[in-house]
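Undergrad: Input: one structure, supplied below.
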Amino acid sequence: MTAPHHRVVIVGTGFSGLGMAIRLSQRGERDFVLLEKADDIGGTWRDNRYPGCACDVPSRLYSFSFDQKADWSRDYAPAPEIWAYLQDVARRHGVRDRVVLGADLRQARYDVERRRWELTAADGREWTADALVLGVGGLHQPARPDIEGLDDFAGALMHTAQWPEDDGLDGLRVGVVGTGASAVQLVPELAPRAAHTTVFQRTPAWTMPKKDVEWSPRRQRLFRRFPVLQRAVRWRTYWELEARAPLFVRFPALARLGERVALRELRKAVRDPEVRDRLTPRYRLGCKRILLSSTYWPTFDRDDVSLVTEPIARVEPDAVVTADGARHEVDALVLGTGFALTGSFDRIAVTGLDGRTLAQEWSTGAHTHLGVTVAGFPELYLLLGPNTGLGHSSVVMMSEFATRYALQGIERARAAGASVTSDSAQAAFTAEMERRTRHTVWASGCRSWYLDRFGHNTALWPGSTLAYWWRTRRIDDSVFVPVTNSPTAARTKETIDA
């Protein structure tokens, strides 16, 4: 049986995948399909369902620019509400019926002679496409810590990114490993339910107050009746967050002002000076992701919550043993240890020119051009790829900017034939990212997922969203070379000076 062919195949149905599908549809393109490995759409907001899960960017900005929701329940919407929003958007824009569920893409190989991608799912189903769009995101595949004995733990073991329907944690002694964005939301919800909660902290996190205001029925009515008012509020929020960008990329010394605010909140929240000291970060604000919560620090004032800062040595069937030899008995263990940033890309064996895979190309760092295209991989477009994350604003905007750029690339190929990003353009962009990151707060010495194992920033955009919008507003023909039937002729090998 011949594999069905499409002009565009999109992988993933979160904000990025759905946004691309909607924009294609708005341009009159009908020959596309979305592949979703799960049994429903929604991406990270379908999968992350732990107690307290919510967005840490205001919902009026963490939403599509072309489909604003007038009746958010609050400033920072909970995960189920964001998932419902994505479901509604997909139906409203008519792309829901273009989704193939249970399509777990495992192989994507570029056929240079036919100028198309050959795609194979885990169950053997196949497709071909002129253009392949990976909207799989970086906050999806859970990062599992390498702790001795973890697999031998006899109690309930769960990751915040794979939360069970019924967690059964009521009345149990629960250990939480990690103090990142997920744990900061989970711990305040978990503590009142558990018999005792023990938080295992490697590095304390800077936590700022979360001003989470409920949206009144009156406000929702006003936004429904006067959409221009909602757009004005959205723009105000955008500029308020955008004003923080210099804190990270140009004037990191300004972080001290925010640190004073955070430390004042910590002093008010935690009475015990020893616990307060262990919760105090020893690195610059912004070096790691700034967390938002008005309930996390106060949780450590509870008698039934313990903070452990000794490194974990091993896990036993009924306890966590720390480096000082102490045994912390627990009935359940929750891993709030974040995500493998390129894990979603690693699941798919993507093979480009020269028979090289994306994993091989990225073995020394996830290098791209503008976070969207990759040298050696014709007509492959990444949405929320490397160097497009943010530390200060909404990544939905970044995804929309990348989508616009990718659409221009797809149209360019229709008119001029398949092309691929040149090695020289990618090398120049990589060098630029290194140079611009060097003096940011992210390079100030802390250990964070912002930097890869080589110490390079492949996660964040070292600038403003306005700057990324400008860079992606129009595709630059000079960064592409045509694909020829000789794979090696389609690219010029260059060494990237790391």
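Residue numbers for the sequence shown follow my numbering, beginning at 43 and rising by one. Just so you know, even glycine gets a beta-carbon here, dropped at the ideal spot from N, CA and C.
1) What would DSSP say about glycine 418, mapped onto helix, strand or coil?
2) Under the three-state reduction of DSSP, which class applies to threonine 55: helix, strand or coil?
3) If you run the structure through DSSP and keep just helix, strand and coil, what is arginine 412?
4) Applying the 10 Å Cβ sphere with the 16-neighbour rule, what's the burial state of threonine 537?
5) Please classify phenylalanine 471 as buried or exposed, where buried requires at least 16 other C-beta atoms within 10 Å of its C-beta.
6) Name the DSSP beta bridge partners of aspartate 153, please?
7) Pairs of beta-carbons, one from the stretch 324-344 and one from the stretch 289-298, closer than 8 angstroms: are there three or more?
8) For alanine 304, which residues in the same chain have their Cβ closer than 6 angstroms to its Cβ, ignoring the five residues on either side in sequence?
9) Roughly how many angstroms separate the alpha carbons of glutamine 129 and alanine 391, rounded to a whole number?
10) Between which residues of its own chain and glycine 213 is the CB-CB distance below 6 angstroms, once the five residues before and five after are set aside?
11) When the Cα atoms are used, what is the spatial distance from alanine 531 to phenylalanine 522?
12) Looking at the secondary structure, which residues open and close the beta strand (DSSP E) in which arginine 356 lies?
13) Does the beta-carbon of glycine 166 have 16 or more other beta-carbons within 10 angstroms, so that it is buried, or is it exposed?
14) With DSSP as the reference, please indicate the residues paired to glycine 217 in a beta bridge.
15) Could you check the C-alpha separation between serine 490 and arginine 244 for me, to the nearest Å?
16) Select from Ala361, Lys253, His411 and Arg72 the residue whose C-alpha is nearest the C-alpha of asparagine 429.
17) How would you label glutamine 227, buried or exposed, when you count the other beta carbons within 10 angstroms and need 16 or more for buried?
18) Are valine 175 and threonine 55 closer than 9 angstroms when you measure CB to CB?
19) So the candidates are Gly505, Val438 and Val462; which of them puts its Cα closest to the Cα of leucine 60?
20) My output table needs one value for aspartate 172: the three-state DSSP class, helix, strand or coil.
21) Among Arg320, Val291 and Gln262, which residue has its Cα nearest to the Cα of phenylalanine 242?
22) By DSSP, does methionine 62 sit in helix, in strand, or in coil?
23) What's the gap between the Cα of lysine 535 and the Cα of asparagine 499?
24) Just grab the DSSP bridge partners of phenylalanine 381 for me.
25) CA-CA distance, arginine 267 and arginine 276?
26) Using 8 angstroms as the threshold, is the stretch 140-158 in touch with the stretch 108-124, meaning 3 or more CB pairs across them?
27) Cutting at 7 angstroms between CB atoms, please list the residues of its own chain near glycine 418, excluding the five before and the five after it.
28) When the distance is taken between beta carbons, is threonine 337 closer than 9 angstroms to proline 230?
29) Is aspartate 98 closer than 9 angstroms to leucine 334 when the C-beta atoms are compared?
30) I'd like to know whether the C-beta atoms of phenylalanine 496 and glutamine 183 end up nearer to each other than 9 angstroms.
31) Mapping DSSP to helix, strand and coil, what is proline 524?
32) Give every residue of the same chain whose Cβ lies closer than 8 angstroms to the Cβ of aspartate 89, excluding the five residues on either side of it in the sequence, and list them in chain order.
33) Which value, in whole angstroms, describes the spacing of the CA atoms of phenylalanine 195 and proline 100?
34) Going by DSSP, what residue range makes up the alpha helix (DSSP H) through leucine 76?
35) Determine the contact status of alanine 374 and glutamate 190, defining contact as a CB-CB distance below 9 angstroms.
36) Just the Cα atoms here: how many angstroms apart are alanine 468 and arginine 138?
TA: Quick look at the numbers:
1) coil
2) coil
3) Strictly speaking, residue 412 in this sequence is leucine, with arginine absent from that position. Coil at leucine 412, not helix or strand.
4) With a pLDDT of 35 at threonine 537, under the threshold of 50, the modelled position of this residue cannot be trusted, and the question is left open.
5) buried
6) Arg158
7) yes
8) Trp248 and Met250
9) 29 angstroms
10) Ala237
11) Only weak support exists for where alanine 531 lies, its pLDDT of 47 falling under 50; the value from the coordinates is given anyway. The alpha-carbon atoms of alanine 531 and phenylalanine 522 are separated by roughly 13 angstroms.
12) 354-358
13) exposed
14) Thr240 and Leu375
15) 11 angstroms
16) His411
17) buried
18) no
19) Val438
20) strand
21) Arg320
22) helix
23) Summary for lysine 535: the model assigns pLDDT 39, below 50, so the residue's position carries little reliability; its value from the coordinates is reported in the next sentence. Computed Cα separation, rounded: 23 angstroms.
24) Pro184
25) 16 angstroms
26) no
27) Gly394, Leu395, Asp396, Arg398, Glu403, Val462 and Arg533
28) yes
29) yes
30) no
31) strand
32) Ala80, His182, Ala203 and Gln204
33) 38 angstroms
34) Unbroken run through leucine 76 is the beta strand (DSSP E), 74-78; no alpha helix (DSSP H).
35) no
36) Per the sequence shown, the amino acid found at residue 468 is glutamine instead of alanine. Cα to Cα, the separation comes out at about 35 angstroms.
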